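Each remark here refers to the structure printed beneath this line.
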Amino acid sequence: MEEDVIGFIHTKNLAKKGRLKAGIAMYITKEKIMGAVKVKFGSIAAYLGEGSNVSLEYWEKAKKIKKLIEKRKEFELHQADIQSIQIKKPGVFRPGYVIFQSKNQEMQLAIGSDISDKEYNILYFLLNKFAPDKFQEIG
Numbered sequence: 000m001e002e003d004v005i006g007f008i009h010t011k012n013l014a015k016k017g018r019l020k021a022g023i024a025m026y027i028t029k030e031k032i033m034g035a036v037k038v039k040f041g042s043i044a045a046y047l048g049e050g051s052n053v054s055l056e057y058w059e060k061a062k063k064i065k066k067l068i069e070k071r072k073e074f075e076l077h078q079a080d081i082q083s084i085q086i087k088k089p090g091v092f093r094p095g096y097v098i099f100q101s102k103n104q105e106m107q108l109a110i111g112s113d114i115s116d117k118e119y120n121i122l123y124f125l126l127n128k129f130a131p132d133k134f135q136e137i138g
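Quick note on numbering that gives the first Met the number 0: the sequence shown kicks off at 0 and runs consecutively.
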């Protein structure tokens, strides 16, 4: 792909604060995170960066997801603007969250308590790869 892609994730267990189960798709490069809601693509997540061994099929899906996100883009966060990213893993009875703090705004995503370990681990890994010096896990 033409950009320095880190990966993508689409899951029903990630929603903008105030929305329940809307689902979010995120496409992450070294420069930015683009996100959209209600992208009908099923649950899928993959690391596509350096050393990745995903199939050509996943690369094709990534291209399709990127186009869908660009069409329905609800947010775009540039790495240079982000001051911190905090993530808290959900518990059995409480949701987790991701908080993106930039110079001008804060954006929160809720992580549903029924997110799979695989989806959570990929989300964690992708966000950490995106901004390792700004990434923090909250106990």
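Heads up, the beta-carbon is just placed ideally off N, CA and C, and yes, glycines get one too. If you're wondering where the values come from, they're calculated on a predicted model, not measured in any experiment.
In this structure, how does DSSP classify residue i when only helix, strand and coil are distinguished?
i: Ile23; result: strand
i: Leu108; result: strand
i: Leu76; result: strand
i: Glu139; result: Nothing about residue 139 can be reported from this structure: the residues present for the chain run from 0 to 138 only.
i: Lys88; result: coil
If we cut at 8 Å on Cβ distances, does residue i have a partner in chain C?
i: Ile64; result: Checking the listed chains, one finds no chain C in this structure; it contains a single protein chain.
Got a sec, what are the start and stop residues for the beta strand (DSSP E) residue i sits in?
i: Lys15; result: 13-15
i: Ile144; result: The structure shown does not extend to residue 144, since the chain spans only 0 to 138, so no value can be given for it.
i: Ile32; result: 31-36
So, using beta-carbon positions, are residue i and residue j closer together than 8 Å?
i: Ser101; j: Gln85; result: no
i: Glu118; j: Ile8; result: yes
i: Gln135; j: Lys16; result: no
i: Ile32; j: Leu67; result: no
i: Asn52; j: Ile114; result: no
i: Gly95; j: Tyr46; result: no
i: Ile121; j: Ala44; result: yes
i: Pro131; j: Ile110; result: no
Sorted by chain position, which residues of the same chain lie with C-beta nearer than 8 Å to residue i's C-beta, five sequence neighbours on each side aside?
i: Glu105; result: Ile98, Phe99
To which residues of the same chain is residue i closer than 6 Å at the C-beta, ignoring the five residues directly before and after it?
i: Glu30; result: Gln78
i: Tyr57; result: Ala45
i: Met25; result: Ile8, Ile32, Gly34
Can you tell me where the alpha helix (DSSP H) with residue i in it begins and where it stops?
i: Lys70; result: 55-71
i: Phe145; result: Since the first residue shown for the chain is 0 and the last is 138, residue 145 is missing from the structure and cannot be characterised.
i: Ile121; result: 116-129
For residue i, collect the residues of the same chain with a Cβ closer than 7 Å to its Cβ; drop the 5 residues on either side in sequence, then sort them by chain order.
i: Gly48; result: Val4, Ile5, Gly6, Lys128
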